[in-house]
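Enquirer:
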Amino acid sequence: MTKNISTKKLLTTIVQGIEERKGENIISLDFKNIENAICKYFVICEGNSNTQVAAIADGVAEYVHKNAGVKVWQRTGYENAEWIILDYAEIMVHIFQPYVRNYYNIEELWADCPTKKYEIQ
9 MTKNISTKKL LTTIVQGIEE RKGENIISLD FKNIENAICK YFVICEGNSN TQVAAIADGV
69 AEYVHKNAGV KVWQRTGYEN AEWIILDYAE IMVHIFQPYV RNYYNIEELW ADCPTKKYEI
129 Q
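Residue 9 is where the sequence shown starts when you use this note's numbering, and the numbers rise one by one after that.
(1) By a C-beta neighbour count over all protein chains shown, 10 Å radius and 16 as the cutoff for buried, is GLY85 buried or exposed?
(2) Determine, using beta carbons only, whether ILE99 comes closer than 8 Å to chain B.
(3) DSSP on GLN24, reduced to helix/strand/coil?
(4) Hey, quick one: how far does the alpha helix (DSSP H) through ASN58 stretch, first residue to last?
(5) Output needed for VAL108: all residues of its chain with C-beta closer than 7 Å, excluding positions within five of it in sequence on either side, in chain order.
(6) With a threshold of 16 other CB atoms inside 10 Å of the CB of ILE128, please say whether the residue is buried or exposed.
(7) Answer with buried or exposed for THR59, where buried requires no fewer than 16 other C-beta atoms within 10 angstroms of its C-beta.
(8) Taking one C-beta from the segment 101 to 117 and one from the segment 12 to 20 each time, how about it: are there three or more such pairs within less than 8 Å?
(9) If you reduce the DSSP assignment to three classes, tell me which class GLU127 lands in.
(10) On the CB-based measure, 16 or more other CB atoms within 10 Å of its CB, does GLN82 come out buried or exposed?
(11) I'd like to know whether the C-beta atoms of ILE35 and ILE26 end up nearer to each other than 8 Å.
(12) Taking its Cβ as the centre, do 16 or more other Cβ atoms sit within 10 Å of ILE8, making it buried, or is it exposed?
Spelled out as structure tokens, the structure:
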């Protein structure tokens with residue numbers, strides 16, 4: 009069962025889940041004012057190996073379900089765990105290995121979106 013929570017609360021819970029699994033370089037891109045955007049936010053972070061990327065993705069899914077009652081709708085990228093995407097409908101979580109993140113550079117692609125950087129607590 010999925011709870012009805014605010015997008016802001018879901019965003020905060022996702023970031024906390026990433027921090028718990030030691031995800032690095034966490035940012036969010038705000039798409040709320042972009043017409044026809046696929047979602048309201050991207051959350052982007054990285055892990056240093058395919059094992060860590062998969063662990064972050066699994067950890068986020070577990071943490072969000074436990075603490076916000078929301079299940080991930082779709083997951084993709086586990087085959088090689090270089091770039092895993094978790095789809096929470098209003099929020100898309102992108103977990104990269106650093107070289108893949110640098111190659112695709114989706115932060116630059118969406119440079120017109122407001123960006124927030126998160127410091128690991």
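Where is the CB? At the ideal position from N, CA and C, for every residue including glycine.
Expert: Taking the coordinates as given:
(1) As a first step, residue 85 must be located in the sequence shown, where it is residue number 77. Per the 10 Å Cβ criterion, buried.
(2) Absent from the structure: chain B. Only one protein chain is present.
(3) By 1-based counting over the sequence shown, the position of residue 24 is 16. GLN24: helix per DSSP, three-state reduction.
(4) To locate residue 58, count along the sequence shown from 1; it is residue 50. Segment 58 to 76, the alpha helix (DSSP H) holding ASN58.
(5) For the purposes of this step, residue 108 is taken as the residue at position 100 of the sequence shown. Within the same chain, VAL108 has close Cβ partners GLU90 and TRP91.
(6) For the purposes of this step, residue 128 is identified with residue 120 of the sequence shown, where counting begins at 1. So ILE128 ends up on the exposed side.
(7) As a position in the sequence shown, residue 59 is number 51, starting the count at 1. Exposed, by the Cβ-count rule.
(8) no
(9) Position 119 of the sequence shown, counted from the first residue, corresponds to residue 127. It is coil, neither helix nor strand.
(10) On the sequence shown, position 74 is the one that residue 82 refers to. Under this definition GLN82 is an exposed residue.
(11) Start at 1 with the first residue of the sequence shown, and residue 35 comes out as number 27. Start at 1 with the first residue of the sequence shown, and residue 26 comes out as number 18. Contact: no.
(12) Outside the displayed span of the chain (9 to 129) sits residue 8, for which this structure offers no information.
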